[in-house]
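Novice: Before anything else, here's the structure in question.
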Amino acid sequence: PVTRMRTDADGAKERDDIVRLVRRARACLLEPSIARKVELSRETHAWWFSARENPPVNDDDGDDETLDAIVENPGRETLRVVKSSQTRRIGKGGTLESRIAILHSLAHIESWAIDLSWDAISRFGLARDMPKGFYDDFVTVANDEARHHELLARRLKALGSAYGKLEVHDGLWQTAMETADSLEARLAVEHCVHEARGLDVLPQTIGKFRRNGDEESAKLLEDVIYPEEVTHCAAGLRWFKYLHARDGVRTGDQEDVRDGEELETSSVVQAFHAVVRKHFAGALKPPFNDDARKRAGFNPVWYEPLAVKA
315 PVTRMRTDAD
325 GAKERDDIVR
335 LVRRARACLL
345 EPSIARKVEL
355 SRETHAWWFS
365 ARENPPVNDD
375 DGDDETLDAI
385 VENPGRETLR
395 VVKSSQTRRI
405 GKGGTLESRI
415 AILHSLAHIE
425 SWAIDLSWDA
435 ISRFGLARDM
445 PKGFYDDFVT
455 VANDEARHHE
465 LLARRLKALG
475 SAYGKLEVHD
485 GLWQTAMETA
495 DSLEARLAVE
505 HCVHEARGLD
515 VLPQTIGKFR
525 RNGDEESAKL
535 LEDVIYPEEV
545 THCAAGLRWF
555 KYLHARDGVR
565 TGDQEDVRDG
575 EELETSSVVQ
585 AFHAVVRKHF
595 AGALKPPFND
605 DARKRAGFNP
615 VWYEPLAVKA
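Structure, rendered in structure tokens:
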């Protein structure tokens, strides 16, 4: 079970560590070099899951104002940022140019995913009195996303390109800022809608590479990125459920919704639907990857009522 922060001597040290982590998260967000952002993410992950006897490299104790400050625009090295409608079509992977465009798009998504993980920690962690497990999960997610970006950037180089050579858009961060005032909305929309959509389309993306002879890219997506993205969706759902159980407004009617092997209270499922309808424009688009979603903890009762009707 997840618990709130302890209040004894060990709890005081834990809070000090969390304060350091929040400041470290801000440093990762503000870092303009993606290579250094990846390195900082890796260093912070190693420190957080160690004995934490020493502060992270270049740690700055700062002050309360620094701690409370929110990063509205993460640091970004020079990229050609355009409107999403102006980015080039990535195609179906039939040409080298198309495969490079797909990998570049994925690498860019992962770069924003790093920032979104650190933003969840720095924006919401202390403000919502989240337990240590929340930080454990999102430090892990940030490290995973950093590794994904690094592997995709390395693959781009192997194909004669590099991250930053193609134009990009910042739509993922902009949509995330629409949930800047609600952790529940951030978890529901970014992790349980957008990332879950990634689970729906990744098998098709893997197929594009495989059908066109790029087995190395296909295996990178299939063996590393795909299974880890399942765990990221699961983290979003886990903490949405936690917040609902801890802080959610309960109705008198606590009927259960049974679907397959999972039993959910109607309260949390209905709360999820309400948050998504409020903060996500439009309906979810099938077909859904039911198997991957189930591994992440989503049975159809979570998403089918939100889907486009045939």
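Numbering (the working numbering), first residue to last: 315 to 624. The C-beta atom is built at its ideal place from N, Cα and C for all residues, glycine as well.
(1) Could you tell me whether the Cβ of W426 comes closer than 7 Å to any Cβ of chain B?
(2) Determine contact between the segment 385–392 and the segment 406–417, defined as no fewer than three beta-carbon pairs at a distance below 8 Å.
(3) Given the structure, does P619 come close to the ligand SAH, in the sense that its CB is under 6 Å from one of the ligand's heavy atoms?
(4) DSSP on L598, reduced to helix/strand/coil?
(5) If we count the other Cβ atoms within 10 Å of its Cβ and call it buried at 16 or more, is P346 buried or exposed?
(6) Measure the CB-CB distance between H593 and A499 and report whether it falls below 7 Å.
(7) Pull up the CB-CB distance for L534 and T519, whole angstroms please, since I reckon it's below 8 Å.
(8) Which residue comes first and which comes last in the alpha helix (DSSP H) that contains S419?
(9) Tell me which residues share the same chain as L598 and place their Cβ nearer than 6 Å to its Cβ, disregarding the 5 neighbours each side in the sequence.
(10) Under the three-state reduction of DSSP, which class applies to A621: helix, strand or coil?
(11) By how many angstroms is the C-alpha of W487 removed from the C-alpha of H505?
(12) For R442 and F452, what's the separation of their Cα atoms in angstroms?
(13) Between the Cα of G611 and the Cα atoms of V544, V582, G562 and G596, which residue gives the shortest distance?
(14) Between which two residues does the alpha helix (DSSP H) containing Y477 stretch?
(15) Would A421 pass as a contact of L466 if the rule is Cβ separation under 7 Å?
(16) I need the DSSP call for V453, collapsed to helix, strand or coil.
(17) Taking 8 Å as the cut-off, does the segment 459–474 touch the segment 508–517 (at least 3 CB pairs, one atom from each stretch)?
(18) Judging by CA-CA distance, which residue of K522, S425, D330 and E424 is the nearest neighbour of I404?
(19) Who are the Cβ neighbours of S425 in its own chain at under 6 Å, not counting the five residues just before and after it?
(20) Between the beta-carbon of R338 and the beta-carbon of T358, is there less than 7 Å?
(21) Need the endpoints of the alpha helix (DSSP H) that G512 sits in, please.
(22) Can you name, in chain order, every residue of its own chain whose Cβ lies under 8 Å from the Cβ of R591, other than the five neighbours on each side?
(23) Here's a check: name, in chain order, each residue in its chain whose Cβ is nearer than 7 Å to the Cβ of A585, leaving out the five neighbours to either side.
(24) When the Cα atoms are used, what is the spatial distance from R525 to V583?
(25) So the candidates are H587, S431 and A548; which of them puts its Cα closest to the Cα of N457?
Specialist: In brief:
(1) The structure shown contains no chain B, having only a single protein chain.
(2) no
(3) Judged by which ligands are present, the structure shown has none, so any question about the ligand SAH falls away.
(4) As a working note, residue 598 is residue 284 in the sequence shown. The answer is strand: DSSP assigns L598 an E or B state.
(5) Numbered from its first residue, the sequence shown carries residue 346 at position 32. By the neighbour-count rule (16 or more Cβ atoms within 10 Å), P346 is not buried but exposed.
(6) Start at 1 with the first residue of the sequence shown, and residue 593 comes out as number 279. Start at 1 with the first residue of the sequence shown, and residue 499 comes out as number 185. Yes, these two residues count as a Cβ contact at 7 Å.
(7) Against the sequence shown, residue 534 aligns to sequence position 220. Against the sequence shown, residue 519 aligns to sequence position 205. No, L534 and T519 are not in contact; Cβ-Cβ is about 11 Å, not under 8 Å.
(8) Taking the sequence shown and counting its residues from 1, one reaches residue 419 at position 105. From DSSP, the alpha helix (DSSP H) with S419 extends over L410 to D433.
(9) Position 284 of the sequence shown holds residue 598. The answer, listed in chain order, is Y617, L620 and A621.
(10) Locating residue 621 in the sequence shown gives position 307, counting from the first residue. If DSSP states are grouped into helix, strand and coil, A621 belongs with the strands.
(11) Position 191 of the sequence shown, counting from 1, holds the residue named residue 505. Position 173 of the sequence shown, counting from 1, holds the residue named residue 487. So the alpha carbons of these two residues sit roughly 13 Å apart.
(12) As a position in the sequence shown, residue 442 is number 128, starting the count at 1. As a position in the sequence shown, residue 452 is number 138, starting the count at 1. Each residue's Cα considered, the two are about 15 Å apart.
(13) Translated into positions along the sequence shown, residue 611 becomes position 297. Looking at the Cα atoms, V544 is the closest of the given residues.
(14) Working through the sequence shown from its first residue, we reach residue 477 at position 163. Neither: Y477 is in no alpha helix (DSSP H) and is coded neither H nor E.
(15) Translated into positions along the sequence shown, residue 421 becomes position 107. Translated into positions along the sequence shown, residue 466 becomes position 152. In contact: A421 and L466 (Cβ atoms closer than 7 Å).
(16) Position 139 of the sequence shown, counting from 1, holds the residue named residue 453. Note: V453 maps to helix in three-state DSSP.
(17) no
(18) Start at 1 with the first residue of the sequence shown, and residue 404 comes out as number 90. Looking at the Cα atoms, K522 is the closest of the given residues.
(19) In the sequence shown, counting from the first residue as 1, residue 425 sits at position 111. Result list for S425: I348 and H463, in chain order.
(20) For the purposes of this step, residue 338 is identified with residue 24 of the sequence shown, where counting begins at 1. For the purposes of this step, residue 358 is identified with residue 44 of the sequence shown, where counting begins at 1. Yes. Within cutoff.
(21) As a position in the sequence shown, residue 512 is number 198, starting the count at 1. Segment E509 to R525, the alpha helix (DSSP H) holding G512.
(22) Walking along the sequence shown from the start, residue 591 turns up at place 277. Within the same chain, R591 has close Cβ partners L620.
(23) Here residue 585 corresponds to residue number 271 of the sequence shown, with the count starting at 1. Closer than 7 Å at the Cβ level, and outside the excluded window around A585, lie H558 and G562.
(24) Here residue 525 refers to the residue found at position 211 of the sequence shown. Here residue 583 refers to the residue found at position 269 of the sequence shown. Approximately 39 Å between the Cα atoms of the pair.
(25) Mapped onto the sequence shown, residue 457 falls at position 143. Nearest of H587, S431 and A548 to N457, Cα basis: S431.
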